[in-house]
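Below is one structure; the comments refer to it alone.
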Amino acid sequence: MLGAMGCDIHEYYEMRRNGVWEPADLNPMPDTSGMSLEEEDRIFEAHWGHPLELGRDYDLFALLAGVRNTIEIEPITAPRGVPGDLSAALQAAWAEAEVWCHHPSWLTLDELLRFDWDQPLRDLDLSEVSVKRRLERDVRTYRDLGQATGLLSRVVPYLQTQVADPADLRLVFWFDN
Numbered sequence: 000m001l002g003a004m005g006c007d008i009h010e011y012y013e014m015r016r017n018g019v020w021e022p023a024d025l026n027p028m029p030d031t032s033g034m035s036l037e038e039e040d041r042i043f044e045a046h047w048g049h050p051l052e053l054g055r056d057y058d059l060f061a062l063l064a065g066v067r068n069t070i071e072i073e074p075i076t077a078p079r080g081v082p083g084d085l086s087a088a089l090q091a092a093w094a095e096a097e098v099w100c101h102h103p104s105w106l107t108l109d110e111l112l113r114f115d116w117d118q119p120l121r122d123l124d125l126s127e128v129s130v131k132r133r134l135e136r137d138v139r140t141y142r143d144l145g146q147a148t149g150l151l152s153r154v155v156p157y158l159q160t161q162v163a164d165p166a167d168l169r170l171v172f173w174f175d176n
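Going by numbering that gives the first Met the number 0, 171 is the number at position 172 of the sequence shown; the sequence numbering is gapless.
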């Protein structure tokens with residue numbers, strides 16, 4: 000039997016300027032061409048430590064879109080596809096990815112700020128596995144989970160420094176596996 004495939008998030012940020020959504024490269028991949036391996040390691044270590052680096056956190060995926068939802072909660076919002084006013088660059092990225100990716104969705108910073116984080120996690124079906132997973136992370140509310148996954152402790156605070164109006168910044172994402 001083959002092992003289970005992993006699942007990763009592909010996250011992109013857009014900012015609305017003059018009513019038009021544009022890509023916002025808030026965590027650019029560093030150019031390491033010509034660097035020694037030691038220099039590359041140092042640069043990439045800093046890159047992967049960036050506040051917007053989401054990594055492979057299945058509890059975060061469950062929180063954002065119900066993907067890999069072993070803790071069996073309702074996500075912040077059901078996946079809603081890509082936005083109708085998606086920037087041309089992200090339309091091209093999605094057109095290339097949609098044959099092998101799933102659960103495209105998006106959330107504005109404003110939606111993340113207005114979400115009721117203090118409510119108890121909304122259960123889909125509490126199995127023994129999901130109870131164990133929640134106890135491992137000691138999560139009872141959406142705020143607990145948002146803090147544990149870094150969404151509230153790193154991502155949202157960083158995004159707040161990028162725009163005056165939180166409605167003008169959105170996270171667009173999809174998943175592979």
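A virtual CB, placed ideally from N, CA and C, is assigned to each residue, including glycine.
Hey, quick one: how far does the alpha helix (DSSP H) through residue i stretch, first residue to last?
i   : result
W47 : L36 to W47
D58 : Y57 to A64
Which residues does DSSP list as the beta-bridge partners of residue i?
i    : result
S104 : F172
E21  : M14
Tell me the DSSP secondary structure of residue i in three-state form.
i    : result
V162 : coil
P119 : strand
E10  : strand
T140 : strand
W99  : coil
V155 : helix
R79  : coil
R113 : helix
E135 : helix
D177 : Within the shown structure, residues of the chain are numbered from 0 to 176, placing residue 177 beyond reach of any answer.
G5   : coil
L150 : helix
L89  : helix
Skipping 5 residues on each side, what residues in its chain have a beta carbon closer than 7 Å to that of residue i?
i    : result
Q146 : S152
C100 : H9, W173, F174 and D175
L53  : I8, E10 and L59
P74  : A61, L62, L63, A64 and G65
Output needed for residue i: all residues of its chain with C-beta closer than 6 Å, excluding positions within five of it in sequence on either side, in chain order.
i    : result
C6   : R67, F174 and N176
T107 : A166 and R169
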